[in-house]
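Per my numbering, the very first residue in the sequence shown carries number 29; after that it's consecutive. We put the CB at the ideal spot given by N, CA and C, even for glycine. For clarity, every value in this text was computed on a predicted model and none was experimentally measured. Input: a single structure, listed below in structure tokens.
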Amino acid sequence: MWTSTKRVIKAGFMSFYRNGFVSLASVLIMTITLFVIGSVIFLSATLTASLEEIKSKVDVNVYFLTSASEAEVLALASSLRVLPEVQEVEYISREQALENFKKRHENDELTLQALSELSENPLGAVLNIRAKEPSEYEGIANFLKRDSALSSTQENIIDEVNYYDNKASIDKLSGIMNAAERLGFGFALLLVIISILIAFNTIRLAIYISRDEIGVMRLVGASNTYIRGPFVVSGVLYGTLAALLTLALFYPLTYYLGDATEAFFSGLNLFAYYLSHFGDFFLIIIGSGIILGALSSFLAVRRYLNV
Numbered sequence: 029m030w031t032s033t034k035r036v037i038k039a040g041f042m043s044f045y046r047n048g049f050v051s052l053a054s055v056l057i058m059t060i061t062l063f064v065i066g067s068v069i070f071l072s073a074t075l076t077a078s079l080e081e082i083k084s085k086v087d088v089n090v091y092f093l094t095s096a097s098e099a100e101v102l103a104l105a106s107s108l109r110v111l112p113e114v115q116e117v118e119y120i121s122r123e124q125a126l127e128n129f130k131k132r133h134e135n136d137e138l139t140l141q142a143l144s145e146l147s148e149n150p151l152g153a154v155l156n157i158r159a160k161e162p163s164e165y166e167g168i169a170n171f172l173k174r175d176s177a178l179s180s181t182q183e184n185i186i187d188e189v190n191y192y193d194n195k196a197s198i199d200k201l202s203g204i205m206n207a208a209e210r211l212g213f214g215f216a217l218l219l220v221i222i223s224i225l226i227a228f229n230t231i232r233l234a235i236y237i238s239r240d241e242i243g244v245m246r247l248v249g250a251s252n253t254y255i256r257g258p259f260v261v262s263g264v265l266y267g268t269l270a271a272l273l274t275l276a277l278f279y280p281l282t283y284y285l286g287d288a289t290e291a292f293f294s295g296l297n298l299f300a301y302y303l304s305h306f307g308d309f310f311l312i313i314i315g316s317g318i319i320l321g322a323l324s325s326f327l328a329v330r331r332y333l334n335v
């Protein structure tokens, strides 16, 4: 049994080398396909990191009327802090809000002059609320809109809750990112089909080239496995070599792009990500390559090699 298996594997290697240029073409096409599959994984990681970075900067900003007393604002802040969805509540007093406003407009003399002519501080206090999860902001915003957020003795002291403007932007960005991911997966799927067809035709050509040898093996009573096996082995070789080449290409590419992505995506270094997830990449790329090669060769053998 082992001797027969070794012969099949050896014959598969011989078939691979004998059809050198055709085999090389199949390997290169599969490499492109696996490269796109790997790129989709990187794309997903960068889009996720980008979205999480943006979400981490989003909070619910509650702006209060100038008539709201500090005690009323702090009471509402205390009510918010006990909510399970809330991670942090930052209180900004009217005085601090005014200082922040002046700092933001320190180069705008016209605005500062108009502000100095006012007899009193026109800004109300602010609460900046950060949720534990981005999906929980809407619940917090809805809580603030309900009358139950205020005590029965309080009038409406809230001027504006600005979450909904931010939410529209985040939802739009999420939609763009999801569309980009779907486009990437669709392109990868298209290349998978093309790779299977090319490898399929490569095995078909190898069968045609070896037709006389196959005829002799039939005459001497060779088993179906012995006749078909070498072509399947060749297909697996296509996929394995393409996968190894793809993994090798990603190393210098991610190394070159690592610093740029770290600066652009606030900490996501593609090279570090590749190294830390190399085991996953190895299994995915090698597995995909072997499956592509084995499937295409199996289909070709089943279609064109009747034994």
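Note that the stretch 119 to 128 does not touch the stretch 213 to 222; fewer than 3 beta-carbon pairs, one per stretch, sit closer than 8 Å.
In the structure shown, R109 falls within a helical segment according to DSSP collapsed to helix, strand and coil. For L138, the enclosing alpha helix (DSSP H) begins and ends at 137 to 144. Around the beta carbon of Y284, fewer than 16 other beta carbons lie within 10 angstroms, which makes this residue exposed. The alpha-carbon of F228 is positioned some 31 Å away from that of P280. For A159, the uninterrupted beta strand (DSSP E) run begins and ends at 154 to 159, by DSSP. With respect to F259, S43 sits close: the two C-beta atoms are nearer than 8 Å.
Scanning its chain for C-beta atoms nearer than 6 Å, with the 5 sequence neighbours on each side dropped, one finds around F63 the residues T274, in chain order. Within the same chain, and ignoring the five residues on either side of Y191 in sequence, the residues whose Cβ sits closer than 6 Å to its Cβ are V88, Y165, A169.
Note on the stretch 209 to 265: whole alpha helix (DSSP H) runs with a minimum of 4 residues are 239 to 247, in chain order. Assigned with DSSP and collapsed to three states, D187 falls in strand. The three-state secondary structure of E118, taken from DSSP, is strand.
In the structure shown, the three-state DSSP call for N170 is helix.
A159 is classed as buried because its beta carbon has at least 16 other beta carbons within 10 Å across all chains shown. Counted as a single uninterrupted DSSP element, the alpha helix (DSSP H) harbouring S304 occupies residues 298 to 304.
Counting C-beta atoms within 10 angstroms of its own C-beta, S325 has 16 or more neighbours from the protein chains shown and is therefore classed as buried. Put simply, the backbone Cα of R210 is about 12 Å away from that of L75. Around the beta carbon of A234, a 10 Å sphere encloses 16 or more other beta carbons of the protein chains shown; the residue is thus reported as buried. From the listed residues F70, R109, V36, G267, the smallest Cα separation to L155 is found for R109. With contacts defined by Cβ atoms closer than 8 Å, G317 and A271 form a contacting pair. In this structure, G263 places its C-beta atom within 8 Å of the C-beta atom of G321.
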